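Working notes, beginning with the structure itself.
In the working numbering, the protein residues as written are 5 to 199.
As structure tokens, this is what we get:
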């Protein structure tokens, strides 16, 4: 009889397994039902391995959410036109609807908010080295002369993200394409091109 020797997973492979196990437990049980023990069991490792990497359950969950975002990389397209770039951006954000739904549930959990008391703190933890894609799209459009630089204001820089976030929060799903186009054509672009 031959037995397969147990191999130890190291570094990236182990961390990836833990983060995927955390994500699956989060989907299955929610933040309140997730425990370090349940994640360790799901990842076929020990609780002490988790504790060496993440000092709190909230930090582990934030790392798992960030890993989900990083699994869906976005390369900012250059269509040399604002509207198709905005449409592509909205499509990309809508692909993240399941992750965004989890983020909203985390922000409503009082225990999770002990570690991340504000949405901005969680956003910083999830996107520490990421650029603001919509802001970059708008800046590039202004540089091309599609819109005036002075039209790019903080409220406009977040408007589409706010609309998507609100829709996902209320409906628990991504907005339909027709609504995304209406946001661009009936709300967003008129605000950018009006005098």
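We put the beta carbon where it would ideally sit given N, CA and C, even for glycine. Predicted model, so just to flag it, every value in this text is computed and none were measured.
Item	Value
Nearest CA to the CA of residue 109: which residue from 70, 34, 55?	34
Note down the Cα distance separating residue 147 from residue 55, rounded to an integer number of angstroms.	48 Å
Assign residue 22 to one of three DSSP states: helix, strand, or coil.	helix
What three-state label does DSSP hand residue 192 in the structure shown?	helix
Could you have a look at residue 164 and say whether DSSP puts it in helix, strand or coil?	helix
Reducing DSSP to helix, strand and coil, say where residue 90 ends up.	helix
So, residue 26 versus residue 62, is the Cβ gap smaller than 7 Å?	no
Measuring CB to CB, does residue 151 end up less than 7 Å from residue 94?	no
In angstroms, rounded to a whole number, what distance separates the CA positions of residue 166 and residue 173?	10 Å
Leaving out five residues before and five after residue 96 in sequence, what residues of the same chain have Cβ atoms less than 6 Å from its Cβ?	78
Less than 7 Å between the beta carbons of residue 145 and residue 193, yes or no?	no
Report the start-end ranges of each alpha helix (DSSP H) in the stretch 44 to 122 that is 4 residues or longer and not cut off at the edges.	51 to 57, 61 to 74, 86 to 99, 101 to 111, 114 to 119
How would you label residue 31, buried or exposed, when you count the other beta carbons within 10 angstroms and need 16 or more for buried?	exposed
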